[in-house]
Structures are given as C-alpha cells and as structure tokens.
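Below is one structure, written out as structure tokens; comments come after it.
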Amino acid sequence: MTRVPEKPSLDGIEARWSERWEAEGTHRFDRSKAREEIYSVDTPPPTVSGSLHVGNAFGYAQTDSIVRYRRMRGDEVFYPMGWDDNGLATERRVQNYYGVRCDPSLPYDPDFTPPEKPPKQPIPVSRPNFVELCERLTEIDEQVFEEVWRRLGLAVDWSLIYTTIGEGALRVSQRAFLRNLARGEAYQAEAPTLWDVDDRTAVAQAELEDREQAGASYRLGFGGVDGEPDIVIETTRPELVPACVALVAHPEDARFRDRFGGEATTPLFGVRVPIVAHHLADPEKGTGIAMICTFGDVTDVVWWRELRLPTRSVMGRDGRLVAEPPEWDATDPQAAARYAELAGKTVKQARERIVEMLRETGALDGEPTTITHPVKFYERGSRPLEIVTTRQWYIRNGAYDPELRAALLERGRQLRWRPPHMRARYESWVQGLNSDWLISRQRFFGVPFPIWYRVGDDGEIHYEHPLLAREEDLPVDPSNDVPTGYREDQRGKPGGFVGDPDVMDTWATSSLTPQIATHWEDDPDLFARTFPMNLRPQGGEIIRTWLFSTLLRSHFEHRALPWRDAKINGWVLDPDRKKMSKSKGNVVTPIEYFEQFSSDAFRYWAQRGRPGVDTAFDEGQMKIGRRLAIKILNASKFALGVIGDGAGEVTEPLDRSLLHHLRGLIVDASSAFEGYDYSRALDATERFFWDFCDNYLELVKQRAYGAAGEQGAVSARRTLELALSTLLRLFAPHLPFVTEEVWSWWQEGSIHLARWPDAKELGTAAEGSGAEPTVYEVAAAVLGEIRKAKSSQQKSMRAEVERAVVRDASERLRALEAALDDVRQAGRVREVGVVDAEDFAVDVELAESDAA
RNA sequence: GGGCGCUUAGCUCAGAUGCGCAGAGCGCCGCCCUUACAAGGCGGAGGUCGCAGGUUCGAGCCCUGCAGCGCCCACCA
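Residue 865 is where the first sequence ends in this note's numbering, and the numbering goes up by one at each step.
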C-alpha cells in the first residue's frame with residue numbers, strides 16, 4: 014500500500030515532521046530500560062545570550078547523526094538539551110537589551126518595567142529586578158533556540174530540558190560545592206586575582222586570552238643605596254613604579270650577582286626595594302633586571318609569592334589608581350605629592366603622567382621604544398586585565414598539587430577521545446595550570462554560594478568559619494534565605510550574619526551538566542541508569558574549560574569519568590578560511606540556510622565535515638545536499654511505483670549481486686558509525702546511492718515492469734524494495750526529514766524507530782553462489798560504455814544500438830552473461846557480442862535510424 | 001619557546017592496516033526534454049599526491065629533515 018505523491022517535494026517537510034515527532038514522542042526516552050541498554054549524551058547547553066549561528070548548528074548536526082544511529086541500533090537514547098542561561102554573557106545582553114545596570118544597593122521595585130527602547134544612560138535597578146529581567150529575556154531566547162533546533166531536526170527529547178539557572182542546576186551546583194568544601198577541594202582565599210575592570214569581577218585562568226597590543230617600553234633609572242642613578246630597568250608599565258617591591262635578576266647573571274641581597278631606590282618615590290634573584294628572570298630580556306610590582310602581570314605574582322615580598326597595591330577595582338599611596342617608606346620628600354597626581358587616574362592616564370614626571374626628573378633613560386607584545390585579556394573583555402587582591406572561592410585543580418594533576422592526566426587517558434589527538438590539548442592545559450580554579454564572580458545572575466558569614470559584635474565579617482546551608486534546604490539564596498539559628502532581622506547586624514554576595518562562574522555550573530542532566534541525588538533511579546554518560550560531544554575550544562572542569566568535578570564527586578567518549582568537533586571557517594565567531598562578526602544564522610536548501614541539506618554540509626576537522630562554510634555543499642535529498646524523493650517514487658507488494662524471491666544474478674554490494678555497504682557504514690565517523694558513513698551511502706540510481710535502476714527498469722516475465726519482475730521488485738528500505742535507513746541519521754517523508758509513503762511508524770540495517774536481513778540472496786559481486790560491476794561498466802558512446806556521438810540515451818561487442822576476461826564475460834538481458838534493455842542494444850580479451854573495452858555500433 | 005594537526009586536480013575535500021594505470025563533488029567543456037528526477041540526467045578534459053632524502057620488489061600512504069598554513073599551550077619585564 015503506497016501513498017506516493019504525484020510531485021514529491023522538500024517544501025514544508027521540516028515543520029510537518031518535527032511536529033509529528035513531538036506529538037508521537039518519537040524521541041522520548043524510556044527510563045525503564047536498563048543501564049546497559051541506554052546511550053546517554055551530555056549535550057552541550059548553548060549559551061542563549063545571543064543568536065545561534067552556523068557554527069553551533071554544525072556541531073549539533075554532527076552529533077545528531079550519531080544519536081540517531083544509536084537509537085536505530087537499538088540503544089535507548091538519553092538525549093536532553095540544556096540552555097546555558099546564567100552568567101555574565103546573559104547579564105551583558107540584558108544590560109544592552111533593556112538599558113539597565115544592576116545596583117545591588119537598591120531595594121526591589123515590584124512595579125519596575127523597562128522602557129520600550131533602551132535609554133542612553135543605563136537605569137540602575139535592584140538585584141532582584143535585574144535577575145527578573147535576565148529570566149524574562151532568557152525565556153524568550155530559549156524559545157527561539159528550541160525552534161532552531163527542532164527545525165534542524167535534532168532528535169532531542171524535549172521533555173528532558175534543563176537550564177543552568179533552573180532549580181535543578183542550582184541545587185546540583187550548590188550541593189556539589191558544599192561537598193567540595195567538606196572534602197577540602199574548595200576553599201576561600203584572599204589572594205591576587207586577575208580582574209576585569211569593566212565587568213568588575215575576578216576571572217579565571219581558563220577565560221584568559223592573549224592579544225597582541227601596541228605598547229611602549231621605557232627604561233627607568235633606579236638609584237643605588239645612596240640614591241644616585243645606578244640600575245636601569247625596562248618596563249612597559251611605568252605607572253606601577255609606586256607598586257614596585259623589588260628588582261629581580263637571574264641568579265647566574267654575572268652583571269648583578271654582587272647586588273643580590275642589596276637594595277635600590279625607586280625613581281620619583283625613593284622607596285628602598287631589595288634586589289633579589291629568581292630563575293624566571295631572563296637575562297636576555299630588557300636590561301636583564303626587572304622591577305617586581307604588586308601586580309603588573311602574573312610573573313609578578315609568582316615572584317611575589319615565591320620570594321615572599323611585601324604588597325604595595327595601587328590598582329583599584331575600577332581600573333584607576335587608588336586614592337592613598339601604599340604603605341611604604343618613601344625617602345623622596347616629593348613622593349606623596351607625586352603619588353597624589355596619579356591617584357584616581359586610569360592606567361592610561363597615570364602612565365602618561367608618570368612618564369612626564371620621570372622625564373622631568375631625569376629618571377627616564379632615553380626615549381621609549383614602541384613595541385607590540387601579548388597582553389592578557391578576559392576573553393570577553395575590552396581592556397587588559399589587572400591583578401588585584403580579593404577574597405575568592407577556589408576549587409583545586411592540580412595546579413599546586415602534583416598528585417591531583419597526575420590523577421587528572423590519568424582520567425584524560427581513560428577517556429576515549431574522538432579524534433584521539435585532541436587529548437593533547439587537554440594534557441597541555443592540565444600541565445600548564447598555574448593556579449587553582451577561581452569560581453566566584455562578583456556578579457548577579459548566577460548560582461549563589463550557599464554560604465553565610467557571621468558578623469562579629471564589632472561589625473566585622475568573620476570569613477573563617479562560614480555558615481553552610483544544609484543539603485536538604487538547597488537551593489538557597491543567601492541574600493534572601495537565613496542560615497539555621499538566625500533570624501532575618503539579624504542580617505548585616507553585629508552579632509548577626511551576612512550572605513555571601515558572589516555567584517559562581519557559569520563554568521562552575523556547566524562543569525556539572527552530567528549531574529544536572531541525570532538528576533544526581535534528586536532522582537537516584539534515573540541517575541543510576543544514565544551516569545556515567547556515554548558521550549560528551551563538544552568543540553575543541555572549550556576543552557580547557559568545559560571538558561576539563563567536568564572531568565575534575567566528576568573525579569572529586571564520583572571518582573569516575575563523567576562519560577566514556579568525548580567527541581570533539583572542529584570549527585566552521587568562513588570562505589576566507591577564518592574561524593567564524595561572534596567576536597569576529599562574520600557569523601551567519603542557520604535558519605536562512607534551512608529555508609534556502611532544506612534542513613537536510615544543511616545537515617549534509619555539516620556531516621561532510623570529518624570529526625574534529627575545521628570545515629569551510631560552503632553553500633555549494635548544501636546545494637549538493639539538497640540535490641541528494643531531491644534525488645532520494647524521486648528515486649524512491651520510481652522504485653515504489655514498480656515494487657508492488659514487494660514480495661517474492663530474489664532469483665536473478667544481477668539482483669543478487671546488487672544485494673551483495675549492499676551488504677558490504679551496511680558493514681562499512683555501521684563500522685564507520687561505531688567509530689563516530691558519521692562523515693565516512695554518509696560518504697559510503699551516498700556513493701552507493703548515486704551508483705544505484707545511475708546503474709541498477711536503469712538496468713532493471715524494464716525487467717521490473719515485466720519485460721522479462723514474472724519471475725524476473727518479482728526478483729527485481731523484491732530487490733528494489735530491499736535496497737530502498739536499506740538505503741533510506743542508512744540515510745536516516747543524516748537526512749532525517751526526507752527519509753521520514755519517503756518512509757511514510759509505504760511503511761508504518763517512524764523510520765527513526767526502525768532498526769538499523771543488518772547484513773543478515775538481506776537474506777541468503779546476498780551471499781552464496783550466484784551472489785558474486787562481478788555481475789553488477791560488469792553490467793554497470795558495460796552500460797557506462799554504451800552511454801559514453803552515445804554521449805560522444807551526440808545521441809540521445811534512447812538511441813538504439815545495433816551491436817555492442819564486449820572485450821573482457823572470460824570470467825567477467827561469464828558474469829556479464831548472467832545480466833545480458835538487462836544490459837540489452839537498458840542500453841537499447843539489439844545484439845551483444847563478447848570477445849575474450851585482456852583489457853576491458855566495448856565497441857558500440859549505433860543503429861542507422863534514429864528511431865526513438 | 002613547546003605541542004598537535006594540515007599540505008592530493010582551478011575550488012572543497014576522500015584516500016583503514018603500503019600492491020591495480022590516484023578518487024568524488026563543485027567549477028569548466030560537450031551531449032541528452034530517457035514516461036523517477038531539466039532549479040535535472042549522461043559523458044569528457046583536468047593532478048610532478050608541499051620540498052629533499054631514505055626504507056621496500058613496490059609509497060600519496062612508513063622513516064628522517066626542511067618549508068608553508070592552522071590551532072592548542074606557555075611565568076611574553
């Protein structure tokens with residue numbers, strides 16, 4: 014019973030089938046299945062604070078083919094989607110979208126509504142108001158995202174959705190943190206931290222990036238003990254001279270060896286600083302001796318820590334020099350006045366002024382030289398990071414702990430990486446860690462720390478022994494909730510308490526997506542069936558953040574890998590071979606391509622990209638994908654037109670030969686998918702399919718219509734049905750819409766719940782004697798030669814051939830014999846002759862008349 | 001500075017464990033309104049497989065060195 018449309022089309026099939034899949038629960042997870050039957054995927058939750066672009070869709074399309082394959086293989090797939098909606102990215106979007114700015118000192122205004130258009134000057138709003146706006150906007154964004162994903166055809170179970178600011182994520186994040194704390198894996202410390210002066214928050218090592226910046230190098234004269242100019246250092250940050258705490262040179266540097274242990278005095282301020290030795294000082298750089306400031310860069314922090322130097326901090330959290338000079342013993346009588354000129358200035362302004370002063374006093378040695386040098390930025394930031402001393406929460410990550418580091422490297426080796434060389438990125442990151450993971454952020458829309466602090470009778474906050482939330486009370490918001498044993502009216506009062514004002518960085522939550530998605534502790538039954546998960550698919554650029562931190566949290570919490578396999582996808586490059594990214598402004602949204610070429614065509618392009626390989630954005634490939642999808646419609650229409658009930662025996666040698674090849678394809682495509690190589694699977698199937706259309710369909714067309722009698726017709730029809738059914742299922746993970754469409758013409762149920770083809774289902778026809786591969790190969794080759802002859806003689810393919818003589822090896826001629834009638838019919842050949850020969854050739858003699 | 005990956009027709013890329021005269025698609029050229037498909041189909045031309053050595057009966061596939069490109073990491077005054 015077939016329902017083949019008159020004019021098959023791709024138009025509207027995305028909407029039709031994605032609705033049907035949702036209505037029929039095609040991708041629903043059945044949690045009654047046992048662990049070993051389940052295949053669980055730790056889907057990346059996209060950041061919803063922007064629009065999806067083709068780079069996102071690229072990676073998800075690749076993963077989706079794997080997921081669909083697993084489901085057809087018989088696995089019960091656990092494939093949730095999450096939205097990463099907490100964090101600074103969302104805050105920024107909300108600030109811009111509504112024209113507001115969070116001021117935590119303001120009280121909640123229940124009647125606040127943002128203006129229609131964002132005003133020039135941001136409106137200060139309370140923290141609860143700000144969070145409300147974040148929630149409102151992310152909800153809108155998430156609906157848009159879901160539409161895109163449905164349109165792309167992701168086989169996600171949408172009932173399993175989570176968000177990183179949702180209650181479940183809050184509870185998991187807080188619980189995991191409390192356990193880290195209890196086990197000593199998390200701690201609080203007051204220490205120099207990388208600080209973004211615009212967002213006014215600490216940032217972690219993983220969020221840094223180097224940017225080449227134009228700058229200048231200044232040579233400054235430091236005085237000897239007597240104050241006379243004595244030592245020249247080179248620096249790019251002269252404004253930090255008031256923060257100088259020492260000079261440093263390499264211990265083996267003969268030029269300075271006799272100065273170690275001595276002192277020098279800083280220019281302008283006359284502060285006596287020690288001259289110290291450290292192996293990180295590079296004799297080749299600058300003058301070979303450098304000033305150590307608290308803090309100009311991360312090397313300063315290392316020196317400061319390892320050499321136990323004092324702190325003279327001048328950098329404010331707003332990126333301006335602080336009002337008061339640091340504690341110092343300044344011997345220059347003008348020190349205070351000079352510092353006062355710098356106080357309150359931005360780094361740039363202060364630098365300009367201090368260079369003037371240095372020049373005036375003669376401390377500037379020569380003229381500055383312009384240079385370009387790498388400067389550390391917050392990856393989303395626009396001004397260089399500063400280093401300020403703040404109180405923050407950390408999670409240990411092996412930076413200071415060789416045993417933990419070794420354990421994490423071992424976890425990395427236990428994980429199966431696809432492609433395997435991606436592990437090198439993980440290892441270089443772990444080996445390069447230089448500080449523990451800073452997880453607290455001085456921001457608002459995120460997971461709060463479930464922590465309060467006692468306020469002493471003197472009004473001082475006591476950080477040493479924080480008050481912890483109880484696990485059964487999670488999630489808590491310490492700015493609203495009250496710690497056990499206290500009352501709300503004690504908040505902020507002497508003898509009372511205060512809530513920890515910070516939120517966790519978004520990675521502190523994202524590092525727990527396996528636990529969030531599988532409902533760790535909240536649903537032990539589900540957790541047991543889905544964790545550890547089978548697959549983590551993600552991009553290579555977040556190995557150091559998401560992959561590493563997830564491994565770390567799982568190592569701490571479960572002493573286990575969070576997943577078995579990690580599949581790393583590549584970038585999308587724009588046609589100029591540059592990486593597409595939002596910051597580069599060359600991103601495009603996928604929707605228009607779904608519309609122009611169809612979602613299947615878009616997926617085709619994405620899945621042509623090998624695993625882990627950067628892939629150029631290419632409309633040409635989508636065009637080919639579209640053509641393939643249309644070809645599937647048309648070829649299926651033809652096949653279904655002749656198949657009839659498709660019952661019967663496959664008896665003809667050509668048919669058996671075709672099935673033999675088809676069996677080989679099943680084996681190839683399956684093994685490719687087992688190795689996560691969706692692109693090889695697609696390639697093999699596509700190649701087979703085009704050949705099938707060009708050659709097999711042409712060869713059996715007449716016989717299937719009945720030209721060679723009933724048995725031949727039955728055999729052809731049966732083969733067509735087997736082949737069509739098999740090919741559609743092999744294509745289904747790649748092109749879910751068009752295959753579902755065709756499947757619905759003559760099958761019941763969704764193709765995506767059908768069984769992945771098994772070589773055995775082709776039956777004995779595909780094997781044994783008579784199922785030799787050569788029959789089809791030779792028949793196709795001869796047909797090809799006949800076509801070539803007609804083409805080169807500018808004749809229609811319908812032109813009659815008077816006589817064709819095939820020269821070939823005798824066993825191949827024998828194989829051809831078995832399909833001779835089909836070849837004659839397909840080529841419109843009146844007479845075929847065969848000649849034993851070493852080399853294959855076909856002499857084609859066209860008929861005189863052009864009788865069509 | 002360390003590491004990883006890449007370098008095959010004009011373009012985008014395939015080429016498991018070395019053995020057929022090196023493949024696909026796009027583009028280009030030619031032909032064909034073949035009753036599944038003309039926003040198609042069929043056919044053709046086109047390559048010193050980055051460079052230089054080496055191993056081997058035999059190398060695009062293995063080894064060494066070099067070069068270019070991309071990425072990751074790095075304590076870059």
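We treat Cβ as the ideally placed atom computed from N, Cα and C, and that holds for glycine.
Model, not experiment: these values are computed from the prediction.
query, result
"Buried versus exposed, by CB contacts within 10 Å (16 or more), His-478", "exposed"
"Contacts around Asp-154, its chain only, beta-carbon distance under 6 angstroms, and the 5 residues preceding and following it disregarded", "Val-61"
"Endpoints, alpha helix (DSSP H) assigned at Val-788", "786–805"
"Beta-carbon gap between Pro-461 and Ser-492 smaller than 8 angstroms", "yes"
"Bridge partner(s) assigned by DSSP for Asn-582", "Gly-552"
"CB-CB length for Arg-84 against Ser-612, believed under 8 angstroms", "Not confirmed; about 18 angstroms, so no contact."
"Helix, strand or coil at Gln-760 [DSSP, three-state]", "coil"
"Beta strand (DSSP E) runs contained entirely in the stretch 168–209, provided each spans 3 or more residues", "199–209"
"Straight-line gap, Lys-46 to Lys-133 (C-alpha atoms, nearest Å)", "56 angstroms"
"Simplified DSSP assignment, three categories, for Arg-328", "First, the amino acid is wrong: residue 328 is Met here, not Arg. DSSP places Met-328 in strand when its eight states are reduced to three."
"Pair within 8 angstroms by beta-carbon distance, Val-113 and Pro-135", "yes"
"8 angstroms Cβ cutoff met for Tyr-709 and Leu-740", "no"
"Alpha-carbon spacing of Asp-690 relative to Pro-550, whole angstroms", "13 angstroms"
"Residues bridged to His-386 (per DSSP)", "Gln-226"
"Integer Cβ distance of Phe-651 from Met-635, believed to fall under 8 angstroms", "About 25 angstroms separates the two Cβ atoms, so there is no contact after all."
"For Ser-172 and Ile-384, the rounded distance between their alpha carbons", "56 angstroms"
"First through last residue of the alpha helix (DSSP H) which encompasses Gly-72", "67–86"
"Runs of alpha helix (DSSP H) lying entirely within the stretch 600–655, each at least 4 residues, in chain order", "604–610 and 612–621"
"Cβ neighbour criterion (16 or more within 10 Å) applied to His-386", "exposed"
"Pick from Glu-399, Thr-382 and Ser-139 that is closest to Lys-389, judged by C-alpha positions", "Glu-399"
"Length of the line joining the Cα atoms of Leu-775 and Phe-540", "39 angstroms"
"Supposed close pair Val-727, Glu-632 - CB separation, criterion 8 angstroms", "At roughly 44 angstroms, the Cβ-Cβ gap does not stay under 8 angstroms, so Val-727 and Glu-632 are not in contact."
"Own chain, CB closer than 8 angstroms to Ala-1, minus 5 neighbours either side, in chain order", "Shown here, the chain extends from 14 to 865; a query on residue 1 therefore has no answer."
"Sub-8 angstroms separation of Ser-186 and Ala-256 beta-carbons", "no"
"Per DSSP, cross-strand counterpart(s) of Gly-95", "Tyr-175"
"Run of the alpha helix (DSSP H) containing Ala-682, from where it starts to where it stops", "666–687"
"Glu-851 versus Val-401, Thr-628 and Arg-825, residue with shortest Cα-Cα distance", "Arg-825"
"Same chain, Cβ closer than 7 angstroms to Ala-420, five either side skipped, listed in chain order", "His-568"
"Chain-order list of residues whose beta-carbon lies under 7 angstroms from that of Glu-222 (same chain, five-residue window excluded)", "Phe-390 and Glu-392"
"Cβ contact check for the stretch 449–457 and the stretch 512–521: 3 or more pairs under 8 angstroms", "yes"
"Alpha-carbon to alpha-carbon, Gly-68 and Lys-20", "34 angstroms"
"Cβ-based burial, Gly-472 [other Cβ within 10 Å; buried from 16]", "exposed"
"Member of Tyr-73, Asp-88, Gly-38 and Val-401 whose CA lies at the smallest distance from the CA of Ser-53", "Asp-88"
"Same chain only: Cβ atoms within 6 angstroms of Pro-264, ignoring 5 sequence neighbours per side", "Ala-290"
"C-beta contact flag for Asn-798 and Val-855 at 8 angstroms", "Note that residue 798 corresponds to Glu in the displayed sequence, not to Asn. Yes, the pair counts as a contact, with Cβ atoms nearer than the cut-off."
"For Arg-542 and Glu-32, the rounded distance between their alpha carbons", "28 angstroms"
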